[in-house]
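Read in full-length UniProt numbering, the sequence shown has 243 at position 243, and its numbers run on one by one without any break. Every residue gets a Cβ at the ideal spot worked out from N, C-alpha and C, and that includes glycine. Keep in mind that this is a model prediction, so the values were computed, not measured. Since the structure comes first, as structure tokens, the remarks are kept for the end.
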Amino acid sequence: MTTRLRPGVRAIDRVMKANPAFSVARMSPERLTKVQSTIIPDRGPANLFLGRLQRGVAVLTSTFQARHGELPLRIYLPEAWSRTPRPVVVNFHGGGFVLGSARQYDWSCSIVAGELDAVVVSVDYRLAPTHRFPAAVEDCYDALLWAAGHAADLGGDPTRLAVMGDSAGGNLAAVVAILARDAGPAIAHQTLVYPVTDMTEAVQQDRSYVENVRGIVLSNADMEVFHGHYVTDDVDPTDFRLSPLHAADLGGLPPALVVVAGLDPLHDSGVRYAQALADAGNRVRVEDFHQMPHGFLSFPYFSKGARPAMEAVVAAQREALR
């Protein structure tokens, strides 16, 4: 790619390339285990990189009983009083199904909670390679069921549900939306931020994948390692729970906002999924941030597109959930 990097993006790129801890392709198994077990403090220098919790939003930590055991939740609640139940947004974090945590999304989740005036429930689903596909799918769908069943306890409205996720979390949000269409509960909106939509080899033919020579934030080598950790050889890559783009039926799904990044190997597959949703008769809006890399919402103080992207997210959710 020949696009000149913005200063903030260039800084992120340099930091991540200098430290093998940021690249799953360069991690030893021991290092991966250590990174997965690291707990990020609520306060401290990490917030300078990941973004701070927004004022007027409280965070509760809890757990719930999923089908395979207890899982942690991070719940964001506006501190202001509301006379009516709030919409409920269930968030799934990114990290290639291998890395990441709900804590890393305080900035974006608290923006949705505060500006949409919503309850946001973010789940720490089980991570690969210890827990391979479909563990994350099952955990995220169970989290949606829990949020719907306990919405009233949190001041939320179970009839105004939405899902949201980025990268691997965008994949999980898309998949959960399909599962919920078929088995409930009803979802009113899906926000898919640079989502993984196609885990077949077809993605390697996408122009955005072929031209990803810089590997900003996410390299093609990282993608292959993430895939190898999450998916076993006996799994059909066209299973919609892996590749929602290959679902037999994409009709009857909730309105979608698909956010893509121009410097992202997943750009084209995200656009293809948006087109497939539209072709199936769903309402879809695409926000394309041409000069941003994969993961740019995770570095809000370095990425010029982060705040406009969140404004688009909240606007789309507000329209669907009002």
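For residue i, three-class secondary structure by DSSP
i: M27; result: coil
i: S62; result: strand
i: G156; result: strand
i: N19; result: coil
i: V258; result: strand
i: P237; result: coil
i: M1; result: Because M1 sits at a pLDDT of 41, beneath the cut-off of 50, its placement in the model cannot be relied upon, and the following sentence gives the value as read from the coordinates. Reduced to three states, the DSSP call for M1 is coil.
i: V286; result: strand
i: G252; result: coil
i: P87; result: strand
i: G69; result: strand
i: W81; result: coil
i: residue 346; result: Residue 346 lies beyond the residue range present for the chain, which begins at 1 and ends at 322; the question has no answer from this structure.
i: F97; result: coil
Spatial distance of residue i from residue j (CA atoms)
i: T61; j: L50; result: 19 Å
i: L77; j: E70; result: 22 Å
i: D268; j: S208; result: 6 Å
i: A247; j: A18; result: 39 Å
i: A316; j: L48; result: 27 Å
i: T2; j: V203; result: In this prediction, T2 scores a pLDDT of 49, lower than 50, which makes its location untrustworthy; the coordinate-derived value is nonetheless stated afterwards. Distance between the alpha carbons of T2 and V203 is about 21 Å.
i: P254; j: D288; result: 20 Å
i: H227; j: M199; result: 8 Å
i: D249; j: V15; result: 42 Å
i: E79; j: N171; result: 31 Å
i: residue 398; j: F64; result: What the structure shows of the chain is the stretch from 1 to 322, and residue 398 is not part of that stretch, so it cannot be assessed.
i: E224; j: P265; result: 12 Å
i: residue 324; j: G251; result: This structure cannot settle anything about residue 324, because the visible part of the chain is limited to 1 through 322.
i: G270; j: L99; result: 21 Å
i: S37; j: G281; result: 43 Å
i: F299; j: S101; result: 15 Å
i: G262; j: P20; result: 24 Å
i: D13; j: Y230; result: 25 Å
Residue closest to residue i, alpha-carbon to alpha-carbon, out of the options
i: K34; options: V59, P7, H189, L127; result: L127
i: F97; options: R67, W81, P134, S82; result: P134
i: H189; options: A261, R283, R4; result: R283
i: V260; options: M223, V120, H290; result: H290
i: A113; options: V314, G270, T232, A280; result: V314
i: G8; options: P308, H68, S303, A309; result: S303
i: R160; options: A180, A186, L179; result: A186
i: R67; options: W146, S122, M164; result: W146
i: S110; options: V175, M164, G44, G100; result: M164
i: R272; options: P195, A118, V231; result: P195
i: A256; options: F240, P244, R241, R285; result: R285
i: I75; options: P29, W81, D124; result: D124
Bridge partners - residue i, DSSP secondary structure assignment
i: N212; result: BP columns for N212 are empty, so no partner.
i: I75; result: L60, V121
i: H189; result: A162
i: L263; result: P293
i: F92; result: V123, G165
Residue i beta carbon near the ligand SAH (any heavy atom closer than 7 Å)
i: E287; result: Inclusion of the ligand SAH in the displayed structure is not the case, the ligand content being empty and no account of it being possible.
| task | Check whether the stretch 208-228 touches the stretch 282-295, taking contact to mean three or more Cβ pairs, one atom from each stretch, closer than 8 Å. | result | A contact exists between the stretch 208-228 and the stretch 282-295.
| message | Quick test of the definition: if touching needs 3 or more C-beta pairs under 8 Å, does the stretch 95-112 touch the stretch 232-251? | response | no
| request: Kindly confirm or deny that the stretch 83-92 and the stretch 150-164 touch, where touching means at least three C-beta pairs closer than 8 Å. | output: Three or more beta-carbon pairs drawn from the stretch 83-92 and the stretch 150-164 are found closer than 8 Å, and the two stretches are therefore classed as touching.
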